[in-house]
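Engineer: Counting from 9, one number per residue, gives the positions in the sequence shown under my numbering.
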Amino acid sequence: MLSKILEIQNHKINAGKKQSRCPSPFPKEEKRRTLSKKLQEGSLSALKEMLSKQKQEAQMGAAGPFQEIPTMQQVVEAAGSLKIDPSAQVMQLYHKMVDTLLHIHREGIQETTFFLDNDAFSSSIFHGAKITITEYSTAPKIFNIHFFADGKTLAIFEPHAHELVNSLQNGKFGFGVHRLDTSLLTEDEKHAIPPVERDLEKEKDNPQ
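1. Would you call the stretch 173-188 and the stretch 142-155 in contact, with 3 or more CB pairs under 8 Å?
2. How would you call LYS138, buried or exposed, if buried means at least 16 neighbouring beta carbons within 10 angstroms?
3. Please name the residue, chosen from GLN100, GLY136 and LYS149, that lies closest to THR194 on a Cα-to-Cα basis.
4. Between THR120 and the rest of its own chain, which residues show a CB-CB distance below 6 Å, the 5 nearest in sequence each way excluded?
5. Just reading off the beta strand (DSSP E) that THR190 is part of, what are its end residues?
6. Is it buried or exposed, GLU115, if we count other Cβ atoms within 10 angstroms and call 16 or more buried?
7. Looking at the ligand ZN, does it come within less than 7 Å of VAL185, judged from the CB to the closest heavy atom?
8. Looking at the structure shown, is ASN126 part of a helix, part of a strand, or coil, going by DSSP?
9. Can you list, in chain order, the residues of its chain with a C-beta nearer than 6 Å to that of GLN118? Leave out the 5 residues immediately preceding and following it.
10. With a threshold of 16 other CB atoms inside 10 Å of the CB of LEU101, please say whether the residue is buried or exposed.
11. Pop quiz: PHE134 and ALA157 are said to be a contact at Cβ under 8 Å. What is the actual Cβ separation, rounded to whole angstroms?
12. Considering only residues of the same chain and omitting the five flanking positions on each side of PHE129, which have a CB-CB separation below 6 Å?
13. Please identify the residue among VAL98, GLY159 and ASP127 whose C-alpha is closest to the C-alpha of LEU192.
14. Leaving out five residues before and five after GLN177 in sequence, what residues of the same chain have Cβ atoms less than 7 Å from its Cβ?
15. To the nearest angstrom, how far is the alpha carbon of VAL98 from that of PHE165?
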């Protein structure tokens with residue numbers, strides 16, 4: 009009887025050993041360690057910061073090419089770098105009209121005078137007129153224009169002077185026009201020395 013009991017007990021022990029050697033098809037998961045309250049708060053704060061950053065980047069990306077707004081300095085520099093590139097037709101007309109050009113630079117003043125005296129332009133009513141353009145260093149790329157011609161030419165030009173100024177102002181050429189004046193040009197004044205050059209001649213004659 010005792011031997012039978014021992015045999016049964018031994019059988020149970022051997023069976024238990026066999027079962028322990030075979031891995032369980034559903035192993036128990038290890039229990040996760042509970043994070044401290046301080047660590048939980050830090051992780052939550054980091055997560056919020058990451059989500060906020062992603063949201064800002066998404067909003068900036070949605071703006072497309074307009075996401076980088078230029079500063080006022082960049083706008084001014086870009087406007088200052090604009091150059092007029094006249095077409096071949098404009099240059100051809102210029103060479104047909106202008107035979108003489110004077111450019112004077114003195115103490116912050118630049119003055120350019122165009123004489124419309126080319127022989128190829130002799131059939132035009134504007135032949136013999138002159139245009140003086142003045143620029144001051146205190147107002148760069150803002151020009152004063154003075155048109156000199158005889159009475160007959162001025163009678164045709166003056167009614168359209170305002171339209172000319174508007175066209176120059178709105179043409180996005182990279183410069184502005186402060187004023188446009190007209191004056192009667194006598195025969196003796198057609199090739200007169202411009203005012204700024206006359207001042208230079210006076211200084212040469214009367215050195216200090």
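Cβ coordinates follow ideal geometry from the N, Cα and C atoms, glycine included. Values in this document were obtained by computation on a predicted structure and should not be read as measured data.
Structural biologist: Working from what's here:
1. A contact exists between the stretch 173-188 and the stretch 142-155.
2. When all chains shown are included, LYS138 counts as buried.
3. Selected option, being the one with the closest Cα: GLY136.
4. The residues are HIS111 and ILE141.
5. Element bounds for THR190: 184-192.
6. By the Cβ-count criterion, GLU115 is exposed, with fewer than 16 other Cβ atoms from all chains shown falling within 10 Å of its own Cβ.
7. Inclusion of the ligand ZN in the displayed structure is not the case, the ligand content being empty and no account of it being possible.
8. Secondary structure of ASN126 (DSSP, three-state): coil.
9. Closer than 6 Å at Cβ, skipping near neighbours: GLU143.
10. So LEU101 counts as exposed.
11. The distance from the Cβ of PHE134 to that of ALA157 is about 7 Å, consistent with a contact at the 8 Å cut-off.
12. So the list reads LYS104, MET105 and HIS135, once near-sequence residues are dropped.
13. The residue among VAL98, GLY159 and ASP127 with its C-alpha nearest the C-alpha of LEU192 is GLY159.
14. Same-chain partners within the cutoff: GLY184 and VAL185.
15. The straight-line gap from Cα to Cα measures roughly 20 Å.
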